[in-house]
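One structure below.
Residue numbers (this note's numbering): 4 to 628.
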């Protein structure tokens, strides 16, 4: 689709879904007629298959791990990217360990006795080959999911396009659900993805809705030219996911853009024409097919002489898995067949086999200019120059690792009590209070956001509690026994902490910030601004400051309580009602975090110290000396 059309996009996605369904129906008929399993034949092969795919499956949801964050998303886009964060939340089980996708896959690996290190550990990467995780495509998929997520301010269209493709049903998923059961292994992880990724109300529907809403917003606010650029970005992200499927290489169009006519193609065609002239008839009995045609048809000498025939053959050969694995000749069955002990050993000389390997490996090469040419590289560079600062700015970009984030001033605090006492109340009223509060209000929303960007770090009790706290802070509905899906997308006017902050700015007559940078000044920020900048820098290091960030979030629950009080006139009654509900859910979640942390006395003390420190800073920002 050269131009964006919402109806055409919906139809395209539904067609892709139906194509997979039709493919599975053919597979099912083959199996019912006595045909063999295709992914694996034994339970042992299934265990190896599951282990091989661990790098990609254990980052499930990571591709949207930085979307909808306070620092990298203009406030007007927060409602439009809500669906992408809802996908992340549901990938993380909405904070329920029993529904958490990475946790479910980890449990599956434990059931098949795959003793793997934590996916976020160095050992997981360093020992990958020894542990049975050496598949290049799977690692490419995992890295693509992690990398695409990092820069939503620059590549939001690409992330939304990646999400759109990644959530679509795959042929491997439906086959695995059947074949795992047949060899006596748990198939629930794959059954879950068949149901939750549905086109009607599930992740695919949410992904489509998010793309459509975003692009319609771009058209309404920036015009046709910006729409076309954003649409190209969505398409680029879709294609990136398509090309990095990590073993699930079943997308019907995934290989159409492979560089089949690369610099080695001419030599390969010369070799094939030479072989075809003497061997075409010898392949008449072969049942092997490439692109739906028998080998003897492809090896017709006349067809390989014509340009169109050459292009068709190379394109079909490049997509003929497992005979050819683009970018990896060592895993290509055709190469194995031409080597010692293979059925065609001796048919090609060593140099001819090498030419084939060069061509296959080059299929995985990326022309760096393609992306820029496709979306309009220079136009995009101009847009970024206008829309962002030139140096890393923690108020606008993510990730930013400044030395300021290494400071730990709360460690100078030494709370004597084993539990944190109830927070004192502060009387809040007037424009001056709102002005003082604004920087820390919007900045503190970032405190816990970075903790959910790596799925396996959220599999434990406190990680799941943080997910639930973030859902509350974003104004998402309380978690139920089921899955919200499109219901959450349709919920009318949910109020989260950003909406409460905007309500406060409006009531005080302050200029409403369009993004975080408007609320947190960089020049002469004053006490509140300095603390706000510190909060943002600390939030960029969620692993290093995990306990402290939770403690500071606990202190800010007290501030939320203050704004919800009847005596406070900083926010409207509607905002107060929202805050009351948010506070209740925050307290529940952070109390669980605290309970888990105090099992380690040092972590418990850091939580307490950071809470005391943050509350003192809040008071300092708000109370006129």
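C-beta atoms are modelled at their ideal positions from N, C-alpha and C, and glycine is treated no differently.
Practice item. Have a look at residue 9 and residue 31 and give me their C-alpha separation to the nearest angstrom. Key: 33 Å
Practice item. Please name the residue, chosen from 234, 584, 464 and 472, that lies closest to residue 448 on a Cα-to-Cα basis. Key: 472
Practice item. Look up residue 293 in the DSSP assignment and say whether it is helix, strand or coil. Key: strand
Check your understanding: Taking 8 Å as the CB-CB limit, is residue 619 close to chain C?
Key -> The displayed structure is made up of one protein chain only, and chain C is not part of it.
Practice item. Leaving out five residues on either side along the sequence, give the residues of the same chain with a beta carbon under 7 Å from the beta carbon of residue 544. Key: 408
Check your understanding: Under the rule that 16 or more other beta-carbon atoms within 10 Å means buried, what is residue 378, buried or exposed?
Key -> buried
Point to revise | Ordered list of alpha helix (DSSP H) runs contained in the stretch 184-270, each at least 4 residues | key: 191-199, 206-225 and 227-246
Practice item. Check residue 160 in the structure and name its three-state DSSP category. Key: helix
Check your understanding: Is the beta carbon of residue 98 less than 8 Å from the beta carbon of residue 104?
Key -> no
Check your understanding: What is the rounded straight-line gap between the Cα of residue 45 and the Cα of residue 184?
Key -> 11 Å
Exercise for review: To the nearest angstrom, report how far apart residue 368 and residue 59 are at their CA atoms.
Suggested key: 21 Å
Point to revise | Heavy atom of the ligand SAM within 7 Å of residue 442 beta-carbon | key: Of the ligands one can find in the structure shown there are none, so the ligand SAM has no counterpart to examine.
Review point. Hey, residue 563 and residue 586 are a contact pair by Cβ (cut 8 Å); roughly how many whole angstroms apart?
Key: 5 Å
**Study point:** residue 155 beta carbon less than 8 Å from that of residue 76
**Key:** yes
Review point. Which runs of the beta strand (DSSP E), 3 residues or longer, sit entirely within the stretch 39-66?
Key: none
Practice item. Could you check if residue 187 is buried or exposed, using at least 16 other CB atoms within 10 Å of its CB as the buried criterion? Key: Exposed.
Review point. At which residue ranges does the stretch 121-166 contain complete beta strand (DSSP E) runs of 3 or more residues, listed in the order of the chain?
Key: none
Review point. In terms of residue numbering, what span does the alpha helix (DSSP H) encompassing residue 343 cover?
Key: Where residue 343 is concerned, there is no enclosing alpha helix (DSSP H), given that its DSSP letter is neither H nor E.
Exercise for review: To the nearest angstrom, report how far apart residue 593 and residue 78 are at their CA atoms.
Suggested key: 26 Å
Point to revise | C-beta atoms of residue 153 and residue 213 nearer than 8 Å | key: no
Practice item. Decide if residue 490 is buried, meaning its Cβ has at least 16 other Cβ atoms within 10 Å, or exposed. Key: Its Cβ having fewer than 16 others within 10 Å, residue 490 is exposed.
Point to revise | residue 233 beta carbon less than 8 Å from that of residue 215 | key: no
**Study point:** Residue nearest to residue 411 in terms of C-alpha spacing, selected from 273, 555 and 345
**Key:** Of the listed residues, the one whose Cα sits closest to residue 411 is 555.
Check your understanding: residue 142: which of 51, 173, 62 and 450 sits nearest, CA to CA?
Key -> When C-alpha distances from residue 142 are compared across 51, 173, 62 and 450, the shortest belongs to 62.
Review point. Expressed to the nearest angstrom, what Euclidean distance is found between the alpha-carbon atoms of residue 3 and residue 111?
Key: No answer is possible for residue 3: the residues shown for the chain start at 4 and end at 628.
Check your understanding: By the 10 Å Cβ neighbour count, where 16 or more other Cβ atoms means buried, how is residue 200 classified, buried or exposed?
Key -> buried
Review point. With a Cβ-Cβ cutoff of 8 Å, do residue 100 and residue 596 count as a contact?
Key: no
Check your understanding: First and last residue of the alpha helix (DSSP H) that includes residue 623?
Key -> Its alpha helix (DSSP H) spans residues 604-625.
Point to revise | Cβ separation of residue 122 and residue 459, assumed to be a contact under 8 Å, to the nearest whole Å | key: 4 Å
**Study point:** Nearest to residue 403 (by Cα), restricted to the options 74, 12 and 51
**Key:** When only C-alpha atoms are compared, the closest one is 74.
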